[in-house]
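To start, the structure under review is shown below, and the notes come after it.
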Amino acid sequence: MDLTFTAEQTAFRHQIRDWVAANLPPDISHKVHNALHLTRDDHQRWARQLGKQGWLGWAWPKEFGGPGWNAVQRHLFEEECALAGAPRVMPFGPVMVAPVIMAFGTPEQQRRFLPGIASGDVWWSQGYSEPGAGSDLASLKCKAERKGDYYIVNGQKTWTTLGQYGEWIFCLVRTSSEGKPQTGISFLLIDMKTPGVSVRPIIMLDGGHEVNEVWFDNVEVPADQLIGEENKGWTYAKHLLSHERTNIADVNRAKRELERLKRIAKAEGVWDDPRFRDQIALLEVDIVALEMLVLRVLSAETAGKQTLDIAGLLKIRGSEIQQRYSELMMLAGGPFTLPFIKEAMAAGWQGDHVGAAHCAPLASTYFNYRKTTIYGGSNEVQRNIVAQTVLGS
Amino acid sequence: MNFDFTDDQVSLRDAVQRWVEKGFSFERRHALAKAGGKTRDVYREFAELGLTGVAVPTDHGGLGFGAVEAMVVMEELGRGLVNAPYAAAALVAPTLLAQGDASVQATWLPRIADGSALVVLAQQERGARYRLDAPSTVASQAAGGWALTGLKHLVPAGDEADAFLVPARVGPHAIGPVGLFLVERGRCTVRGYPTQDGARAADVSLANAPASLVLTDAGAALELGLDVGIAAACAEAVGLMDKLVALTALYMNTRRQFGVAIASFQALRHRMADVKMQLELARSMSYYASLKLGEPAAQRRRALSQAKVQLGQSMRFVGQQCIQLHGGIGVTDEVSASHYFKRLTMLEMAYGDTLHHLGEVSERMVDTAGVFA
Chain A
1 MDLTFTAEQT AFRHQIRDWV AANLPPDISH KVHNALHLTR DDHQRWARQL GKQGWLGWAW
61 PKEFGGPGWN AVQRHLFEEE CALAGAPRVM PFGPVMVAPV IMAFGTPEQQ RRFLPGIASG
121 DVWWSQGYSE PGAGSDLASL KCKAERKGDY YIVNGQKTWT TLGQYGEWIF CLVRTSSEGK
181 PQTGISFLLI DMKTPGVSVR PIIMLDGGHE VNEVWFDNVE VPADQLIGEE NKGWTYAKHL
241 LSHERTNIAD VNRAKRELER LKRIAKAEGV WDDPRFRDQI ALLEVDIVAL EMLVLRVLSA
301 ETAGKQTLDI AGLLKIRGSE IQQRYSELMM LAGGPFTLPF IKEAMAAGWQ GDHVGAAHCA
361 PLASTYFNYR KTTIYGGSNE VQRNIVAQTV LGS
Chain B
1 MNFDFTDDQV SLRDAVQRWV EKGFSFERRH ALAKAGGKTR DVYREFAELG LTGVAVPTDH
61 GGLGFGAVEA MVVMEELGRG LVNAPYAAAA LVAPTLLAQG DASVQATWLP RIADGSALVV
121 LAQQERGARY RLDAPSTVAS QAAGGWALTG LKHLVPAGDE ADAFLVPARV GPHAIGPVGL
181 FLVERGRCTV RGYPTQDGAR AADVSLANAP ASLVLTDAGA ALELGLDVGI AAACAEAVGL
241 MDKLVALTAL YMNTRRQFGV AIASFQALRH RMADVKMQLE LARSMSYYAS LKLGEPAAQR
301 RRALSQAKVQ LGQSMRFVGQ QCIQLHGGIG VTDEVSASHY FKRLTMLEMA YGDTLHHLGE
361 VSERMVDTAG VFA
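Just so you know, the sequences run in chain order A and B.
Per this note's numbering, the first sequence runs over residues 1 to 393.
Per this note's numbering, the second sequence runs over residues 1 to 373.
Listed below in structure tokens is the structure:
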């Protein structure tokens, strides 16, 4: 047992740190460090920068052009990016659909789609949830019927994150209504410029346009955009969900945000109030404990061992901690977080802030973060899974 | 960075586990507790296993093992609900002595290593809560030596110990260096009593008791000794919780109500998921505690308080919820779960409770992005 990283791992960390320092545009890290609004262009600039270096698919194996890093190296890369104030890489292309294409796509599909994902040139979206299929994803209804060389897709997807920027979307669609719901699902890649695809915004409680509905009205999808076999899509979707279990805890970002919370608490005068400060101390302990949990999983994965039965805990704890720091930041700002001036949450606003500039986005972020215990499998669904590992049935 | 145990550490764990299975049944524990909680016989068995030398340096006849070995032993003693004062006598006391006067070391450490002497720290005072920097016990220089006057409470296995390590104020001022002294039991008035977990503690009253000086300025040594105690309490709690959760899962799969196993009810399943969360956060922070013991004092102190905050919360939650999940049988004396719960409750208060250590973390908070591990 040893908590320290090896000299090699530390050298690797410094290599990443130096590269990020030299390549992360300061206007972007300024926005991330201050929770200001990120534009499509901000996301794209950082993705392309990583793409040029071959790191946008940082978890990819070498045979597909990735760096071939192990679990600890991936963690160190994620940590250095997060602490430096890099935006979170949009996971839909490099983290979600790419591993499915690698594992189940044809060589032709791999040649066609992977380069655009690796370079950051193509913006991918996710088409999983539907209005009637949330936690019970397998009950999805969006239908694809085979007609000659095409699938004709009809139906609706929802909660499509930043789908307004999307160029391609990977979808779970129903190709059969026979047998169990899971057995009639297929995995399709769809060009969002195809006639019949429309994207409608959903405005969230913080006023932001972050998610969308995507509608399909007789959309013709070439059959060579089906991944693997028809009606086997559920298996591929599960493969996708098995990737990146430690990153979902987002502990690196939590460490960065804890420091922001401390800065805000000092500026707002609650740092010296022991009742408030103890709440920050408790959060600090929570974050250390989460980090140790993550490192235990990483250590097991690096040693090639069966992932411990604790991986399922990471999403629950990580999301609770995200909500907690957003809550404490808002409480630190107090009434000065209550004005709702959207322009004040974007970089470069020249107007007069009510109180300090750092207070402007805090309440909106708090409202926005209620999503974290709902998306990606609600925490109640996660508890069902954890209970099964403890109770054995 | 890895969390693997060496082959030797696995063997050590197996040895303690085998002894618990063969030699420390729940019935034996029950009988010991009923008889008042004296466990010197159990301690002698620790010695036969070689466990009493784990933390004693090799040049004093010990094994000179590290923090991870101590953690492994404590986890297994916890799992077995062993109510003998191993952490106090075999881990904390030798840590304190090893930093002190050479002749006291030479006299006592070999006897601690072979288990023939039981020495424990006697630090608890009525007004001090969990602070060690201002004891009211006073040390004064007498002809050719030192004499101590004061009253210490809750001394583990106090009426079975051979000697006590006693922090005392040196000199006339209330604030000043705290010294550490060794006092033999025969020089004190000792009043023993049973504790909630079926073990024993004692009040130790000192009236000009002749004492050997271990350290004149023991502040730093005491901090380290208590941190060793915290890590041991954390590891013991992990063993206790591990077993208690397993017992509870078994019970939920066996107990039937409304025609089905109660493990099928979602309200109880989600509670169990929350229990598992607290157990694994606790295990993670117990590792952290032991692995941070070797760090420089400032980092070590902070880390050990962080660990105790997590463990304190986990112990209370897991203990309370596992009793609740057992239903009526959980609040009886006959089921072992209630005894695990009581021991966990005591450990929350050992070496500083959750609020005390939260205060310590709060006082030590600095900007630290990225340097926890």
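Cβ atoms here follow ideal geometry from the backbone N, Cα and C, with glycine treated the same way.
Here the structure is a predicted model, which means the values were calculated and not measured.
Cβ-Cβ separation, A122/B to V204/B (assumed contact under 8 Å), whole Å: Counting from one through the second sequence, the residue named residue 204/B turns up at place 204. Counting from one through the second sequence, the residue named residue 122/B turns up at place 122. So it is a contact: roughly 5 Å between Cβ atoms.
Cα-Cα separation between A332/A and D242/B, rounded to whole angstroms: Along the first sequence, one-based indexing puts residue 332/A at 332. Along the second sequence, one-based indexing puts residue 242/B at 242. Answer to the nearest angstrom: the Cα atoms are 38 Å apart.
Residues that S393/A contacts on chain B, provided the C-beta gap is smaller than 9 Å: Within the first sequence, numbered from 1, the residue matching residue 393/A stands at position 393. N253, A261, A263 and S264, listed in chain order.
Beta-carbon contacts of H153/B that lie in its chain and below 6 Å, excluding the five residues immediately before and after: Numbered from 1 along the second sequence, position 153 holds the residue referred to as residue 153/B. Q124 and D203, listed in sequence order.
Simplified DSSP state of V68/B, which is helix, strand or coil: To locate residue 68/B, count along the second sequence from 1; it is residue 68. In this structure, V68/B counts as helix in the three-state DSSP scheme.
CB-CB length for M81/B against R343/B, believed under 8 Å: Within the second sequence, numbered from 1, the residue matching residue 81/B stands at position 81. Within the second sequence, numbered from 1, the residue matching residue 343/B stands at position 343. One point to set straight first is that residue 81/B is Leu, not Met, in the sequence displayed. That pair is a contact at about 6 Å.
Contact under 8 Å by Cβ, G312/B with Y130/B: Along the second sequence, one-based indexing puts residue 312/B at 312. Along the second sequence, one-based indexing puts residue 130/B at 130. No, they are not a contact pair.
Under 8 Å between C-beta atoms of V197/A and I190/A: To locate residue 197/A, count along the first sequence from 1; it is residue 197. To locate residue 190/A, count along the first sequence from 1; it is residue 190. It is a contact, given that the beta carbons lie within the stated cut-off.
Distance, T95/B Cα to Q44/A Cα: Here residue 44/A refers to the residue found at position 44 of the first sequence. Here residue 95/B refers to the residue found at position 95 of the second sequence. If you take the alpha carbons of Q44/A and T95/B, they lie about 57 Å apart.
4-residue-minimum alpha helix (DSSP H) runs that sit fully inside the stretch 57 to 93 of chain A, ordered along the chain: You should have 71 to 84.
With 16 other Cβ atoms within 10 Å as the buried cut-off, status of K34/B: Within the second sequence, numbered from 1, the residue matching residue 34/B stands at position 34. Burial call: exposed.
Chain-ordered chain A contacts of T362/B [CB-CB under 8 Å]: Position 362 of the second sequence, counting from 1, holds the residue named residue 362/B. Before going further, note that residue 362/B is Ser rather than Thr in the sequence given. In chain order: P274, R277, D278, I280 and A281.
First and last residue of the uninterrupted beta strand (DSSP E) at L3/A: The residue given as residue 3/A occupies position 3 in the first sequence. Note, L3/A: premise wrong, no beta strand (DSSP E); not H, not E.
Cβ-Cβ distance between A281/A and S25/B below 8 Å: Residue 281/A sits at position 281 when you count from the first residue of the first sequence. Residue 25/B sits at position 25 when you count from the first residue of the second sequence. Inclusion of A281/A and S25/B in the CB contact set at 8 Å is not warranted, their separation being larger than that value.
Residues in the stretch 224 to 256 of chain B having any Cβ partner in chain A nearer than 8 Å: V245, A249, M252 and N253
Whole-angstrom distance between R253/A and G150/B, CA atom to CA atom: Position 150 of the second sequence, counting from 1, holds the residue named residue 150/B. Position 253 of the first sequence, counting from 1, holds the residue named residue 253/A. Their Cα atoms are separated by approximately 51 Å.
Under 8 Å between C-beta atoms of A307/B and S286/B: By one-based count along the second sequence, residue 307/B stands at place 307. By one-based count along the second sequence, residue 286/B stands at place 286. Taking 8 Å as the Cβ cut-off, A307/B and S286/B qualify as a contacting pair.
Validate contact between the stretch 308 to 315 of chain A and the stretch 79 to 92 of chain A using beta carbons, cut 8 Å, 3 pairs: no
Three-state secondary structure (DSSP) of Q143/A: Locating residue 143/A in the first sequence gives position 143, where the first residue counts as 1. Per the sequence shown, the amino acid found at residue 143/A is Lys instead of Gln. It is a strand residue.
Alpha carbon of P61/A to alpha carbon of W349/A, nearest angstrom: What you label residue 61/A is simply residue 61 of the first sequence in a count that begins at 1. What you label residue 349/A is simply residue 349 of the first sequence in a count that begins at 1. Their Cα atoms are separated by approximately 43 Å.
Residue-level contact to chain B via CB, S135/A, 8 Å cutoff: The residue given as residue 135/A occupies position 135 in the first sequence. In terms of beta-carbon proximity, S135/A stays away from the interface with chain B, with every pair separated by 8 Å or more.
Inter-residue CB distance, G61/B and G53/B (contact presumed, cutoff 8 Å): Locating residue 61/B in the second sequence gives position 61, where the first residue counts as 1. Locating residue 53/B in the second sequence gives position 53, where the first residue counts as 1. That pair is a contact at about 7 Å.
As assigned by DSSP and simplified to three states, the class of H153/B: Here the question's residue 153/B lines up with position 153 in the second sequence. For H153/B, the secondary structure class from DSSP, reduced to helix, strand or coil, is strand.
Residue from V260/B, A157/B and V275/B with nearest C-alpha to V120/B: The residue given as residue 120/B occupies position 120 in the second sequence. If we check each option's Cα against that of V120/B, A157/B comes out closest.
Bounding residues of the beta strand (DSSP E) (the contiguous stretch that carries A396/A): No information on residue 396/A is available, as it lies outside the stretch 1 to 393 that chain A covers here.
Listed by chain order, chain A residues near L267/B by CB distance under 8 Å: For the purposes of this step, residue 267/B is taken as the residue at position 267 of the second sequence. Correcting the residue identity first, residue 267/B is Ala in this sequence and not Leu. Neighbours of A267/B on chain A: none; closest Cβ ~11 Å, over 8 Å.
8 Å Cβ cutoff, K276/B in contact with chain A: Translated into the one-based positions of the second sequence, residue 276/B becomes position 276. At least one chain A Cβ lies under 8 Å of K276/B.
First through last residue of the alpha helix (DSSP H) which encompasses K243/B: By 1-based counting over the second sequence, the position of residue 243/B is 243. Here the alpha helix (DSSP H) through K243/B covers G219 to T254.
F317/B and Q278/B closer than 8 Å at C-beta: Residue 317/B sits at position 317 when you count from the first residue of the second sequence. Residue 278/B sits at position 278 when you count from the first residue of the second sequence. Their beta carbons are under 8 Å apart, which means F317/B touches Q278/B by this criterion.
First and last residue of the uninterrupted beta strand (DSSP E) at G192/B: To locate residue 192/B, count along the second sequence from 1; it is residue 192. T189 to P194 is the extent of the beta strand (DSSP E) around G192/B.
Beta-carbon separation (whole angstroms), P94/A vs G57/A, contact threshold 8 Å: What you label residue 94/A is simply residue 94 of the first sequence in a count that begins at 1. What you label residue 57/A is simply residue 57 of the first sequence in a count that begins at 1. With a Cβ gap of about 5 Å, P94/A and G57/A count as contacting.
Alpha-carbon spacing of D159/B relative to Y251/B, whole angstroms: In the second sequence, the residue the question calls residue 159/B occupies position 159. In the second sequence, the residue the question calls residue 251/B occupies position 251. So the alpha carbons of these two residues sit roughly 38 Å apart.
Under the three-state DSSP convention, the category Q9/A falls into: Numbered from its first residue, the first sequence carries residue 9/A at position 9. Correct three-state label for Q9/A: helix.
Three-state class that DSSP yields for N212/A in the structure shown: One-based indexing of the first sequence puts residue 212/A at position 212. Strand at N212/A.
I248/A (DSSP reduced to helix, strand or coil): Translated into positions along the first sequence, residue 248/A becomes position 248. Residue state, collapsed to three classes: helix.
Residues that C322/B bridges to, as DSSP identifies them: The sequence position of residue 322/B within the second sequence is 322, counting from 1. DSSP lists no partner for C322/B.
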